[in-house]
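Accompanying notes for the structure given below.
In the numbering used here, the protein residues as written are 920 to 1242.
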């Protein structure tokens, strides 16, 4: 079923004219692996051809009479009124952030999408007066939260010492309070951080072990009752089986999914050129040559919210976890 749906999706996208591989991937709703298989199949069948950076349909393609377009106004659910000056200030500060370290699986999202995350959290009254922990934060969501002046406490746990130095410098210069703890999620969560926070935010790696490790630490940091969490997850990397595993894992923790905002956060892949860590794996799977750098910001993730039902059942917070 997926193969025919994928082929139809690609050909319908090409009905309006030629597109780059990255433009096709930006609208493809399934995994990167499935996308590469679909293109290979269409290329073998002679239904598409590659002309430089563009891919075009060779066979006549009938476009949809009805098209599902992403609403530019409400696609992310909420907007944060009166935040423009804060976003401008955030952009200026973020210019001096550490460059992504691929060894730490880093790659930050667009600044406007950071504020879209803050907007959803604020909508749920989970910013003002709250204690918030961020497990990994190369996106600088913690800095954005601190700029609002609303949280009671913002604590960033991250393995990258450069991030800590950056946050310390910005905090000193701008009068912001962001606590930084150099921390490897493989290690047990320090006892003084367990059960101390009302909200977590994390963007975990999507291999199942990494996803589990980051979420374990985030959940262990939450207070037993009345707490919530936010995290990103993609369909590009995580197949439906992993989403199902995640639902079951959350249920065992007494956490329920309340929101899944698809394509909520985009990453500036055009700025990376061919330096974003997920492009080479896509290109290696192709049976034809393609080397053009990204023409659009194609990598995007959903933003998920969970909240506790009754008391949270934390995982083994004192155990060392593999990545």
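Where a beta carbon is used, it is the ideal one built from N, C-alpha and C, also for glycine.
Original post:
Whose C-beta lies closer than 7 Å to the C-beta of residue 1205 among residues of the same chain, with five residues either side of it excluded?
Top reply: On the chain shown, position 286 is the one that residue 1205 refers to. Excluding residues within five positions, the ones whose Cβ falls inside 7 Å are 955, 958, 959.
**OP:** In angstroms with no decimal places, state the Cα-to-Cα distance between residue 1038 and residue 1014.
**Re:** Stepping through the chain shown from its first residue, residue 1038 is reached at position 119. Stepping through the chain shown from its first residue, residue 1014 is reached at position 95. Going from the Cα of residue 1038 to the Cα of residue 1014 covers about 22 Å.
**OP:** Could you give the DSSP three-state label for residue 1191: helix, strand or coil?
**Re:** Counting from one through the chain shown, the residue named residue 1191 turns up at place 272. Residue 1191: helix per DSSP, three-state reduction.
Original post:
At which residue ranges does the segment 930 to 991 contain complete beta strand (DSSP E) runs of 3 or more residues, listed in the order of the chain?
Top reply: 967 to 970, 973 to 976
Subject >> residue 1050 to residue 1113 span [Cα, whole Å] >> reply: In the chain shown, counting from the first residue as 1, residue 1050 sits at position 131. In the chain shown, counting from the first residue as 1, residue 1113 sits at position 194. Cα to Cα, residue 1050 sits roughly 13 Å from residue 1113.
Original post:
Any idea which residues DSSP pairs residue 1054 with across the strands?
Top reply: If you number the chain shown from 1, residue 1054 lands on position 135. 1076, 1121, per the DSSP bridge assignment.
**OP:** Return the CA-CA distance between residue 1195 and residue 948, expressed in angstroms with no decimal places.
**Re:** By 1-based counting over the chain shown, the position of residue 1195 is 276. By 1-based counting over the chain shown, the position of residue 948 is 29. Spanning the two alpha carbons is a distance of roughly 20 Å.
Original post:
Of the choices 1241, 1230, 1225, 978, whose alpha-carbon is the least far from that of residue 1040?
Top reply: As a first step, residue 1040 is located in the chain shown; it is residue number 121 there, counting from the start. Closest by alpha carbon: 1225.
Original post:
Among the residues of its own chain, which have a CB less than 6 Å from the CB of residue 1150, if the five just before and after it don't count?
Top reply: The sequence position of residue 1150 within the chain shown is 231, counting from 1. Excluding positions up to five away in sequence, the list reads 1121, 1223.
Original post:
Where does residue 923 sit, in a helix, a strand or coil, going by DSSP?
Top reply: In the chain shown, counting from the first residue as 1, residue 923 sits at position 4. The answer is helix: DSSP assigns residue 923 an H, G or I state.
Subject >> Residues near residue 1010 in its chain [Cβ-Cβ closer than 7 Å; skip 5 each side] >> reply: As a working note, residue 1010 is residue 91 in the chain shown. Around residue 1010: 1030.
Subject >> Separation of residue 1068 from residue 924, as counted between CA atoms >> reply: For this step, residue 924 is matched to residue 5 along the chain shown. For this step, residue 1068 is matched to residue 149 along the chain shown. Approximately 47 Å, taken between the alpha carbons.
Original post:
Would residue 1148 be called buried (16 or more neighbouring beta carbons within 10 Å of its own) or exposed?
Top reply: Residue 1148 sits at position 229 when you count from the first residue of the chain shown. It counts as buried.
**OP:** Output yes or no for whether 9 Å exceeds the beta carbon distance between residue 1139 and residue 1108.
**Re:** Within the chain shown, the letter at position 220 stands for residue 1139. Within the chain shown, the letter at position 189 stands for residue 1108. Their beta carbons are under 9 Å apart, which means residue 1139 touches residue 1108 by this criterion.
**OP:** In angstroms with no decimal places, state the Cα-to-Cα distance between residue 1207 and residue 951.
**Re:** For the purposes of this step, residue 1207 is taken as residue 288 along the chain shown, with counting starting at 1. For the purposes of this step, residue 951 is taken as residue 32 along the chain shown, with counting starting at 1. When rounded, the distance between both Cα atoms is 16 Å.
**OP:** Please classify residue 1042: does DSSP put it in a helix, a strand, or coil?
**Re:** Locating residue 1042 in the chain shown gives position 123, counting from the first residue. Helix at residue 1042.
**OP:** Could you work out which residue in 1074, 1086, 1072, 976 is closest to residue 1016 when comparing CA atoms only?
**Re:** Position 97 of the chain shown, counting from 1, holds the residue named residue 1016. Cα-wise, what sits closest to residue 1016 is 1086.
**OP:** State the DSSP-derived secondary structure class of residue 1163, mapped to helix, strand or coil.
**Re:** As a position in the chain shown, residue 1163 is number 244, starting the count at 1. Helix.
Original post:
Are residue 1289 and residue 1054 touching if we call contact CB-CB under 9 Å?
Top reply: Because the chain here runs from 920 to 1242, residue 1289 falls outside it and cannot be looked at.
Original post:
Helix or strand or just coil, what does DSSP make of residue 1177?
Top reply: For the purposes of this step, residue 1177 is taken as residue 258 along the chain shown, with counting starting at 1. Residue state, collapsed to three classes: strand.
Original post:
In chain order, what residues of the same chain lie with their CB nearer than 6 Å to the CB of residue 1188, ignoring the 5 residues before and after it?
Top reply: Here residue 1188 is taken as the residue at index 269 of the chain shown, counted from 1. Once the five neighbours on either side are set aside, the close Cβ partners of residue 1188 are 1195, 1213, 1216, 1217, 1218.
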